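Comments concern the structure below.
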Amino acid sequence: EPEIRLGVNDQPVVDNFNDTYLDQSLAYELDIDDPNNPWITHQTEGNAVQGLEITLQFPGGLYRINDEGKLKNASVTVQAQYSRVGADDWRNLTSGAVTITQATNTSFQVTYQVDRLIPAQYEVRARCISKDGTNTRYSTRVFWTQLSSIIYDDFSRPGKVLVGIKALATNQLSGGMPNITWLQTRNDVWVWNPQAGEYQKKPATNPAWAAYDIIHRCRQIKDLHTGSCEFVAQGAPAARLVYQDFANWAAFCEDRRLTFNYIFTTAGDLWSALQK
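Here the sequence shown stands for residues 164 to 439, numbered as in this note's numbering.
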């Protein structure tokens with residue numbers, strides 16, 4: 164007995180599933196160079212979020228090099244807070260500021276989570292409070308790479324295509340999972356045309372428009388309060404993308420019948436996604 168959701172933001176829940184994580188890939192560097200604007204803020208996509216998790220990554224490891232050229236401990240102190248959208252009631256995501264200390268030149272990540280929140284849409288903000296050092300003897304760069312919204316029990320995962328299957332527990336299913344396949348397609352992406360002053364649909368299989376969508380990430384969603392539809396972009400602003408360059412690239416791909424068909428199933432960084 165299958166249950167299918169097409170990915171709209173007001174879709175009903177799919178029954179019989181446990182907690183789910185809606186991951187948003189980010190690429191914010193947490194630095195201490197701008198004391199006037201220390202917080203970096205991002206908003207969850209869903210409006211029924213019950214838990215939050217942030218992922219911090221140290222791409223070059225975390226260490227200092229002593230006079231003998233050996234790796235020694237280095238520390239970075241960060242802080243994260245959350246608030247319901249519109250409430251301006253910021254609370255610490257952890258017990259307070261946290262200090263990460265390591266002596267490694269290997270990339271690693273840490274996660275912090277808060278649970279059992281009032282179901283709502285949330286803003287999360289993070290900042291770096293201090294670093295042991297920033298000169299060439301230190302590797303202390305830290306990035307906020309993922310924001311995960313947690314929804315408990317039955318879920319809807321707004322904006323995501325879902326396929327749920329309820330089946331009887333037979334001998335063939337005992338101890339394993341059946342092999343399930345389906346054909347999943349997306350026909351169009353939304354592209355801002357500055358000459359027309361509006362968003363327009365472009366073919367999602369064209370590599371140029373697919374790349375544009377990876378960078379801009381615009382969706383047409385329903386305002387659950389008014390019922391009207393609006394455009395929301397989670398990526399780079401349209402003003403920073405040169406429309407005509409993408410249009411020329413799209414025409415080049417179309418002339419040579421170049422197509423793109425891929426589904427990103429894991430979180431990753433923007434540059435790696437574009438290289439696919």
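Glycine included, C-beta positions come from ideal geometry on N, C-alpha and C.
These numbers come from a predicted model, not from an experiment.
Three CB pairs or more closer than 8 Å across the region 302-318 and the region 246-254: no
Pair within 8 Å by beta-carbon distance, Gly224 and Thr269: yes
Separation of Glu192 from Pro175, as counted between CA atoms: 36 Å
Cα-Cα separation between Leu189 and Ala289, rounded to whole angstroms: 12 Å
Beta-carbon spacing of Leu215, Tyr245 below 8 Å: yes
The beta strand (DSSP E) enclosing Ile314, as first and last residue numbers: 306-314
Beta strand (DSSP E) segments (min. 3 residues) lying fully within the region 342-418: 351-356, 361-366, 381-385, 392-396
3 or more residues per run - each beta strand (DSSP E) lying fully within the region 206-269: 214-221, 226-228, 237-247, 261-265
Check whether Ala283 and Arg247 have beta carbons under 8 Å apart: yes
Pick from Gln242, Lys385, Lys364, Ile384 that is closest to Trp307, judged by C-alpha positions: Gln242
Separation of Thr299 from Leu234, as counted between CA atoms: 13 Å
Length of the line joining the Cα atoms of Trp372 and Gly327: 30 Å
Distance CB(Thr204)-CB(Tyr285) smaller than 8 Å: no
Cβ neighbour criterion (16 or more within 10 Å) applied to Gln347: exposed
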